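> Below is one structure. I have some questions about it.
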Amino acid sequence: ETGVTQTPRHLVMGMTNKKSLKCEQHLGHNAMYWYKQSAKKPLELMFVYSLEERVENNSVPSRFSPECPNSSHLFLHLHTLQPEDSALYLCASSHRTGGSLGSGANVLTFGAGSRLTVL
Amino acid sequence: DAKTTQPTSMDCAEGRAANLPCNHSTISGNEYVYWYRQIHSQGPQYIIHGLKNNETNEMASLIITEDRKSSTLILPHATLRDTAVYYCIVRVLSFQGTGANNLFFGTGTRLTVIP
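Just so you know, the protein sequences line up as chains A and B, in that order.
Here the first sequence stands for residues 6 to 124, where the numbers follow our numbering.
Here the second sequence stands for residues 19 to 133, where the numbers follow our numbering.
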């Protein structure tokens, strides 16, 4: 247990379904992240929230909709996904740093991931 | 461009030290070196980070060369549970004014600990 909990761990959905992934952290962090990891590819950043404000949307299609109601919770709402969206979705959290490159180390704590399969 | 170069795979005998190298010849003076690992189908796990000095914690040691162009992660007594992909990360994208940062994961080194 890392302190970042993701549910569900496994999800199978059809292309017309609507589902949500949930992430919860109990570390007192104030930045939260969604990453996507497709088979045999490096992690790709999707979204970043700092103090519940979205600060990055890394060209992610609108069928993925993030929500951060408070600094401890992060959701990823899914609708009309495609089979190529099947992947491991990882949530992470961190303390905010000074904000400029190299002004402080930034350690991310990851959850165990949600394995999504789109049929 | 992850700014790091790591071997694709390595083997290590159980109980022996695992030494994982990483080249980061274009590192700038204020960039940290981070090491994470990912056991199959789980989230990446933070191991250690450093700036200039060598670092040690309960998991591993990090040796950074004086010119900072390369580093080595050392697992002193590898166990079967250390089998994982190990990522050396230098490139960090900061979202100015927000305090959030993105770490760029490359393809890492797949370490297999052999009984």
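Backbone N, C-alpha and C define an ideal beta-carbon position, used for all residues, glycine too.
This one's a predicted model, so the numbers in the text were calculated from it and none came from an experiment.
#1: Which chain B residues sit within Cβ distance under 9 Å of G118 of chain A?
#2: So, helix, strand or coil for P13 of chain A, using DSSP?
#3: Under three-state DSSP, which class holds L153 of chain A?
#4: If I follow the unbroken beta strand (DSSP E) through D100 of chain B, where does it start and stop?
#5: With 9 Å set as the bound, which would you pick, yes or no: does the beta-carbon of C73 of chain A sit closer than that to a beta-carbon of chain B?
#6: Determine the DSSP secondary structure at E49 of chain A, reduced to helix, strand or coil.
#7: Excluding the 5 residues preceding and the 5 following G124 of chain B in the sequence, name in chain order all residues of the same chain whose CB lies nearer than 8 Å to its CB.
#8: Across the stretch 24 to 41 of chain A and the stretch 86 to 100 of chain A, are there enough close Cβ pairs to call them in contact, namely three or more that are closer than 8 Å?
#9: Give me the chain A residues within the contact set of L121 of chain B, using Cβ-Cβ distance strictly less than 8 Å, ordered along the chain.
#10: Please look up how many angstroms separate the CB atoms of C40 of chain B and I132 of chain B, rounded, as I've assumed it's under 8 Å.
#11: CA-CA distance, T49 of chain B and T127 of chain B?
#12: Residues in its own chain within less than 7 Å of V65 of chain A by CB, not counting five upstream and five downstream?
#13: Applying the criterion that 16 or more other CB atoms from any shown protein chain within 10 Å of the CB defines a buried residue, is L124 of chain A buried or exposed?
#14: Opposite V108 of chain B in the DSSP bridges: which residues?
#15: Ignore the nearest five residues each way along the sequence and tell me which others in L32 of chain A's own chain have a CB closer than 8 Å to its CB.
#16: Count the C-beta pairs between the stretch 19 to 29 of chain A and the stretch 75 to 84 of chain A that are closer than 8 Å, then say yes if the count reaches three, no if not.
#17: Under 8 Å between beta-carbons, which chain B residues line up against S55 of chain A? List them in chain order, please.
On the basis of the supplied data:
#1: Taking the first sequence and counting its residues from 1, the one referred to as residue 118 of chain A is at position 113. Chain B residues near G118 of chain A: S59, Q60 and G61.
#2: Taking the first residue of the first sequence as position 1, residue 13 of chain A is located at position 8. Note: P13 of chain A maps to coil in three-state DSSP.
#3: Look at the range of chain A in this structure, 6 to 124, and you will see that residue 153 of chain A is not part of it.
#4: Translated into positions along the second sequence, residue 100 of chain B becomes position 82. That residue, D100 of chain B, is in no beta strand (DSSP E); it is neither H nor E in DSSP.
#5: Position 68 of the first sequence, counted from the start, is the residue given in the question as residue 73 of chain A. It does not: the Cβ of C73 of chain A has no partner Cβ on chain B nearer than 9 Å.
#6: Counting from one through the first sequence, the residue named residue 49 of chain A turns up at place 44. Strand.
#7: Position 106 of the second sequence holds residue 124 of chain B. Cβ neighbours of G124 of chain B beyond the five flanking positions: A20, T22, Q24, Y105, C106 and I107.
#8: yes
#9: On the second sequence, residue 121 of chain B is found 103 positions in, with the first residue counted as 1. Within chain A, the residues near L121 of chain B are N111 and L113.
#10: Within the second sequence, the letter at position 22 stands for residue 40 of chain B. Within the second sequence, the letter at position 114 stands for residue 132 of chain B. No, C40 of chain B and I132 of chain B are not in contact; Cβ-Cβ is about 22 Å, not under 8 Å.
#11: Along the second sequence, read from residue 1 onward, the residue named residue 49 of chain B stands at position 31. Along the second sequence, read from residue 1 onward, the residue named residue 127 of chain B stands at position 109. The question names Thr, yet the displayed sequence has Glu at residue 49 of chain B. Those two C-alpha atoms are separated by around 21 Å.
#12: Numbered from its first residue, the first sequence carries residue 65 of chain A at position 60. Result list for V65 of chain A: M51 and F52, in chain order.
#13: Sequence index remark: in the first sequence, residue 124 of chain A carries index 119 (1-based). It is exposed - the Cβ of L124 of chain A has fewer than 16 other Cβ atoms within 10 Å.
#14: Here residue 108 of chain B refers to the residue found at position 90 when the second sequence is read from its first residue. According to DSSP, V108 of chain B bridges with nothing at all.
#15: Reading the first sequence from its first residue, position 27 is the one you call residue 32 of chain A. Excluding residues within five positions, the ones whose Cβ falls inside 8 Å are G8, V9, S98 and T114.
#16: yes
#17: Indexing the first sequence from 1 puts residue 55 of chain A at position 50. Around S55 of chain A, the beta-carbon contacts reaching into chain B at under 8 Å are F113, T116, G117 and A118.
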